[in-house]
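A.B. asks: Numbering-wise (our numbering), the sequence shown opens with residue 1 and increments by one.
Don't be surprised by glycine CBs; every beta carbon is placed ideally from N, CA and C.
I have a structure I would like to understand better, so I am pasting it below and will then ask my questions one at a time.
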Amino acid sequence: MSGGSVAVIGGSIAGCATAIAAARGGADRITVFEREGGRLRESGVGLGMHNDRYAELEAAGYVHASTPWTELNRRVWTSREGDAERGHEIGVQPFPFRGYGWGDIWNDLRARVPETVDYRSDATVTTLEPDADGVTVVLKDGARERFDVVIGADGYRSVVRETMFPGLKPGYAGYLGWRGTSPLPLDEGVAEQSEAQTVGFPGGHCMIYPIPDGQGGLRTNWILYTIPPGQDPAAAPAPPERTPELMKHLQALVTDHFPPYWAERVLRTPAEKTLMQPIYDLEVPRYATGRMLLAGDAATVARPHTGGGAVKAIQDALVLERAWEKGGDWDAVLGAYDADRTAVGAAMVELGRRLGRAQVDDTPDWSAMDQGGFDAWWQGQHQGSDRKSGFGGHALKRD
Ligand SMILES: Cc1cc2nc3c(=O)[nH]c(=O)nc-3n(C[C@H](O)[C@H](O)[C@H](O)COP(=O)(O)OP(=O)(O)OC[C@H]3O[C@@H](n4cnc5c(N)ncnc54)[C@H](O)[C@@H]3O)c2cc1C
């Protein structure tokens, strides 16, 4: 089917990718509403993409070989061992991923949104008014516009999802992710330029890998998960903001529990550039209802341990494009999309919970773990293989 008008709420990764899908599907009029001004470009740190998922998305024209990336082959897990510079090696595993700067992936998608798409920045959507065969989008300035279909690509606090499923909110997982980057001069750390590192400590872990710095060099990208001090994870809400006390706790934790080599690299990130991200779970009963559909984090927030958030967002767009190509009416397109994505989203959330339990809530005694113990522990979380569990994102279904 072709023609029709489509509003995309949110112009980040899922928003740009679904705008591309709608254009390829043949929509006549596509408008993206993004509440941020030009600031998206400068935001974000790193993201990892599994090689197999990259290959699928590249073949479909959503990601591109020209975007700068780092090749990661193995993931080395370590823990502190006295003052030993690199600590105790817990285990090593294959890690067929690519490291990206978040902004590079977003920039590339944004640049590929066709010029026929009306991408509006500083445009906040406050309300959606669905009717029998369309949806009216209401903006903060009071303007109203009606579309045949609305795509909710507006992230984990989605207004589109709130309209589809009133009261359905992300659930706080009970711990925080801290993110940052620091300089990685090319004359140091030769091994870490192609390796992901994970430092395990009691009550959490930190993943560290190189990403492009945007100027032909590299940066060390890290994300650390830990329960905030003094919190009962089962009862407490997420801290609303980064406080000096939380920052101090983070710095002390890194100093005390990281092998000195990795502590130094993480602590190179200035406090004011360290981002705090409460970790949430969210799944929806349906990806599409009526004339509204959800994509990316608006539909599913799986914990970042799954290594597949951005991949899932872009896959959502590709599956939507394929549903569009198959034709039929709007009900057929939205129904085919819903049938594919709802189950994938739920599986990602479930995997994230399992990984969070093992890697944050109930961490093992890393210092006593060797390669054999590590392999058994990892497999226990994946119920077989990484591939089947969806680690790094699920493979797309073949027609
Ligand atoms: C600035 C930024 C930086 C990020 N950096 C990283 C990173 O470094 N590493 C990583 O793994 N993940 C990062 N993420 C998260 C990552 O983009 C998502 O987990 C995943 O890729 C899915 O993206 P998404 O487009 O569904 O959601 P998001 O990326 O969360 O995008 C949602 C978009 O919707 C817009 N929006 C929300 N509400 C409204 C509204 N009412 N009206 C109009 N627009 C609205 C937001 O401004 C935002 O641009 C970042 C997200 C953002 C927004």
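1) Under 8 Å, with one C-beta from each stretch per pair, do the region 291-308 and the region 342-351 reach the 3-pair mark?
2) Buried or exposed: which applies to Lys-312, given that a residue is buried once 16 or more other Cβ atoms fall within 10 Å of its Cβ?
3) I want to check one thing, is the minimum distance from the CB of Arg-467 to the heavy atoms of ligand 1 below 7 Å?
4) Can you name, in chain order, every residue of its own chain whose Cβ lies under 6 Å from the Cβ of Glu-241, other than the five neighbours on each side?
5) Evaluate contact between the region 211-227 and the region 160-169, counting only Cβ atoms and requiring at least three cross-stretch pairs below 8 Å.
6) Check whether the Cβ atoms of Thr-163 and Met-292 lie closer than 8 Å to each other.
7) Ligand 1 heavy atoms versus the CB of Val-117: any closer than 7 Å?
8) Compute the Euclidean distance between the alpha carbons of Lys-401 and Phe-165, then round it to the nearest angstrom.
9) Can you find a heavy atom of ligand 1 that lies under 7 Å from the Cβ of Leu-57?
10) Measure the CB-CB distance between Ala-392 and His-64 and report whether it falls below 8 Å.
11) Does the pairing of the region 44-60 with the region 324-340 give three or more beta-carbon distances under 8 Å?
12) Using a Cβ-Cβ cut-off of 8 Å (strictly less than) and excluding sequence neighbours within five positions of Lys-273, which residues of its own chain qualify?
13) Just tell me which of Arg-357, Trp-262, Arg-322, Ala-347 has its CA closest to the CA of Ala-336.
14) Consider the C-beta atom of Gly-328 and the heavy atoms of ligand 1; say whether any pair is separated by less than 7 Å.
15) Ignore the nearest five residues each way along the sequence and tell me which others in Phe-374's own chain have a CB closer than 6 Å to its CB.
16) Any contact of the region 23-39 with the region 92-110, i.e. 3+ C-beta pairs under 8 Å?
17) In chain order, what residues of the same chain have a beta carbon less than 8 Å from the beta carbon of Gly-308, not counting five sequence neighbours either side?
18) Using only the heavy atoms of ligand 1, determine whether one of them is closer than 7 Å to the beta carbon of Thr-274.
19) Compare the beta carbon distance of Ala-295 and Gly-152 with 8 Å and say whether it is the shorter of the two.
20) With a threshold of 7 Å, establish whether the CB of Val-319 neighbours any heavy atom of ligand 1.
21) Between Trp-378, Tyr-287, Arg-387, which has its C-alpha nearest Ala-346's C-alpha?
22) Mind checking whether Arg-74 and Phe-97 have CB atoms under 8 Å apart?
23) Please work out which residues of its chain come closer than 7 Å, Cβ to Cβ, to His-88, disregarding the five sequence neighbours upstream and downstream, and give them in chain order.
24) What residue does the alpha helix (DSSP H) around Ile-314 start on, and which one ends it?
25) How about Thr-124: is its Cβ closer than 7 Å to a heavy atom in ligand 1?
26) Anyone know if the C-beta pair for Thr-116 and Pro-212 falls short of 8 Å?
C.D. replies: Put simply:
1) yes
2) buried
3) Outside the shown range of the chain, which is 1 to 399, sits residue 467, and nothing can be said about it.
4) none
5) no
6) yes
7) no
8) Missing from the structure shown is residue 401; the chain here goes from 1 to 399 and no further.
9) no
10) First, the residue type needs correcting, since residue 392 is Gly and not Ala in the sequence shown. No, the pair does not count as a contact, with Cβ atoms beyond the cut-off.
11) no
12) Gly-180, Thr-181
13) Arg-322
14) no
15) Ile-90, Gly-91
16) no
17) His-50, Arg-53, Ala-302, Met-348, Gly-390, Phe-391, Gly-392, Gly-393, His-394
18) no
19) yes
20) no
21) Tyr-287
22) no
23) Thr-78, Ser-79, Glu-81, Ser-367
24) 309-326
25) yes
26) no
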